[in-house]
Structure formats: C-alpha cells, structure tokens
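Input: a single structure, listed below in structure tokens.
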Ligand code: SF4
Ligand code: SF4
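Numbering (my numbering), first residue to last: 475 to 707.
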C-alpha cells in the first residue's frame with residue numbers, strides 16, 4: 475500500500491482511547507478474521523483501547539451515565555473522530571457489538587497482551603490497567619502499525635505477590651481456577667465484589683491503577699454476569 479494517510483492518534487488520545495493499533499485486514503490470521511463477520515468493503519481494522527485513568531476521566535467529564543457509560547462514550551468519541559478527522563472514510567464498529575471478536579488475540583498480535591496468572595492481560599508499561607474498547611473496520615489507508623515488542627513482566631517476577639494476595643487461592647494449583655474465583659466473588663462478604671485483590675497486589679504499572687469508582691464500575695459488570703450464570707434455576 476502506498477500514499478498512507480496520517481493516523482489521527484492525538485484525536486483518539488484526547489478521548490482517552492490512548493492505545494491504538496492499525497492492521498490491514500488482509501494480514502490477519504484467518505481464525506481472527508473469521509470472528510469479524512463480513513468485512514467488505516473495508517480494508518483495515520483499528521483496535522482501540524484505554525490504558526490507565528484517562529478514559530474514565532473523560533467519561534466523568536462528559537457526564538456520561540446509563541448502563542454502559544464507557545461503551546456509549548467510546549462509540550460517540552469514535553464517531554466524532556471520524557467525522558472531524560476522517561470525513562471521507564467509511565467505517566463500522568464490530569466491537570462493542572454482537573460479534574464474538576477475539577479481542578485478546580488481536581491484543582496479542584498488537585503486542586499488548588501477555589496473560590497474567592489471574593488471566594487479565596499485562597504489559598510492562600501499563601501493568602494490567604488497560605482494556606480493549608473498540609474494534610473498527612474502515613476503508614482507511616493508514617500505514618499498518620508494527621507490533622509492540624515487550625516481554626511479559628511476569629517472567630521476571632519471582633515473588634508473584636498476585637498469587638498469594640488472592641483470597642480464593644484461585645492460582646494456588648499453578649493455573650487459574652475461574653470456578654474458585656467466581657464462587658469467592660459471589661460470597662456476601664467477598665473482598666472481590668468490586669475489585670480483584672490479586673490485580674491490586676501487582677506492582678507493575680501501579681501508577682496507572684484505576685481509582686475506586688472505575689474499579690467498582692468494571693467489576694460490577696463482571697459480578698452481574700456471574701450472578702446471572704450462577705442464578706439458581
Ligand atoms: S505480581 Fe508478578 S506474576 Fe503477578 S501479575 Fe504482577 S508481574 Fe505478573
Ligand atoms: S477477583 Fe479475587 S478471587 Fe478472583 S482472582 Fe482476583 S483476587 Fe482472586
């Protein structure tokens with residue numbers, strides 16, 4: 475591809491969507507492309523994430539409410555960025571949405587994702603304090619981004635304080651037990667109703683740790699899902 479157009483990264487940064495990666499759709503592994511549904515007539519995939527507290531600050535400043543304030547703010551921000559900076563480009567969001575998009579697989583291809591012992595993605599700069607916010611198909615002509623080349627911080631963390639901090643001992647057997655974690659989180663006196671003690675114990679990227687409100691928001695969503703799954707029939 476020649477004649478690349480400039481990527482409006484600063485515009486996405488201003489909305490708190492401060493992790494960005496551009497793929498050419500033609501370069502994606504078939505298994506990843508298959509999770510996107512029909513990608514015609516688009517040429518590129520833009521993976522957007524947030525890291526640290528910036529997005530939550532933007533959501534609060536915008537007064538966003540409702541059941542999904544982060545998703546709603548993200549979608550509005552992307553629509554505005556395209557309208558203001560890429561008015562000639564067509565685009566479609568596949569996440570947030572109904573497609574079972576392989577977010578962690580895309581994150582791995584971008585070099586963002588390494589699995590921590592508690593299975594939340596981690597990288598040396600942000601720790602576990604980042605998340606995938608949007609997958610956008612676009613007929614843009616950006617230069618594809620090279621993968622970030624960072625190794626997992628867990629490989630140089632012999633003390634592994636996250637494992638001992640977990641009150642459910644969900645990692646005590648050498649792998650992560652989602653069942654133990656879930657049962658513990660659903661207990662009335664759980665210390666993980668609105669947070670993850672293992673995640674808080676990790677020293678990597680601690681300066682980017684979410685504030686209490688942001689933690690409560692993201693963990694209340696997963697707790698609600700757990701309650702639905704484990705509801706007595
Ligand atoms: S405490 Fe160590 S092993 Fe645990 S997630 Fe953090 S870096 Fe990885
Ligand atoms: S949410 Fe709680 S129980 Fe689950 S892994 Fe984190 S610390 Fe352990």
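All C-beta atoms in this analysis are idealised placements derived from N, C-alpha and C, irrespective of residue type, glycine included. Remember, predicted model here, so these are calculated numbers, not experimental data.
Candidates the options, of which the one nearest residue i by Cα
| i | options | result |
| --- | --- | --- |
| residue 687 | 531, 508, 493, 480 | 531 |
| residue 509 | 580, 663, 481, 642 | 580 |
| residue 481 | 519, 665, 514 | 519 |
| residue 570 | 695, 549, 487 | 549 |
| residue 605 | 666, 594, 660, 648 | 594 |
| residue 685 | 503, 647, 527 | 527 |
| residue 556 | 538, 486, 646 | 486 |
| residue 691 | 541, 559, 619 | 541 |
| residue 668 | 651, 695, 652, 644 | 695 |
| residue 507 | 689, 665, 611 | 611 |
Rounded C-alpha distance that separates residue i from residue j
| i | j | result |
| --- | --- | --- |
| residue 682 | residue 484 | 19 Å |
| residue 475 | residue 615 | Low local confidence applies: a pLDDT of 49 at residue 475 is under 50, so the model's placement there is unreliable, with the coordinate-based value given in what follows. Straight-line Cα distance between these residues: approximately 8 Å. |
| residue 583 | residue 602 | 17 Å |
| residue 494 | residue 564 | 18 Å |
| residue 543 | residue 596 | 24 Å |
| residue 500 | residue 633 | 42 Å |
| residue 591 | residue 677 | 14 Å |
| residue 524 | residue 663 | 31 Å |
| residue 623 | residue 505 | 22 Å |
| residue 561 | residue 589 | 37 Å |
| residue 706 | residue 661 | 14 Å |
| residue 587 | residue 599 | 11 Å |
| residue 535 | residue 546 | 14 Å |
| residue 554 | residue 568 | 17 Å |
| residue 651 | residue 645 | 6 Å |
| residue 720 | residue 693 | Past the edges of the chain, shown from 475 to 707, lies residue 720, and the structure says nothing about it. |
| residue 618 | residue 631 | 33 Å |
Outcome for residue i when other beta-carbon atoms lying within 10 angstroms are tallied against a minimum of 16
| i | result |
| --- | --- |
| residue 673 | buried |
| residue 607 | buried |
| residue 497 | buried |
| residue 704 | exposed |
| residue 491 | buried |
| residue 552 | buried |
| residue 478 | exposed |
| residue 489 | buried |
| residue 680 | exposed |
Element boundaries [beta strand (DSSP E), containing residue i]
| i | result |
| --- | --- |
| residue 579 | That residue, residue 579, is in no beta strand (DSSP E); its alpha helix (DSSP H) goes 577-584. |
| residue 483 | Where residue 483 is concerned, there is no enclosing beta strand (DSSP E), although the alpha helix (DSSP H) it sits in stretches over 483-488. |
| residue 607 | 604-612 |
| residue 498 | 493-498 |
| residue 684 | Careful: residue 684 lies outside any beta strand (DSSP E) and carries neither H nor E. |
| residue 745 | Residue 745 lies beyond the stretch modelled for the chain, which goes from 475 to 707, so this question has no answer here. |
Residue range of the unbroken alpha helix (DSSP H) whose run includes residue i
| i | result |
| --- | --- |
| residue 773 | Summary: the structure shown does not reach residue 773, with the chain confined to residues 475 through 707, and so no result is reported for it. |
| residue 518 | Careful: residue 518 lies outside any alpha helix (DSSP H), inside the beta strand (DSSP E) at 518-525. |
| residue 659 | 652-659 |
| residue 557 | 543-559 |
Pair every Cβ in the segment 621-633 with every Cβ in the segment 560-580, then say whether three or more of these pairs are closer than 8 Å.
-> No contact exists between the segment 621-633 and the segment 560-580.
If you pair each beta-carbon of the segment 657-675 with each one of the segment 637-648, do three or more pairs fall below 8 Å?
-> yes
Hey, is the segment 689-704 in contact with the segment 644-659, meaning 3+ C-beta pairs nearer than 8 Å?
-> In this structure the segment 689-704 lies against the segment 644-659, because at least three pairs of beta carbons, one per stretch, are closer than 8 Å.
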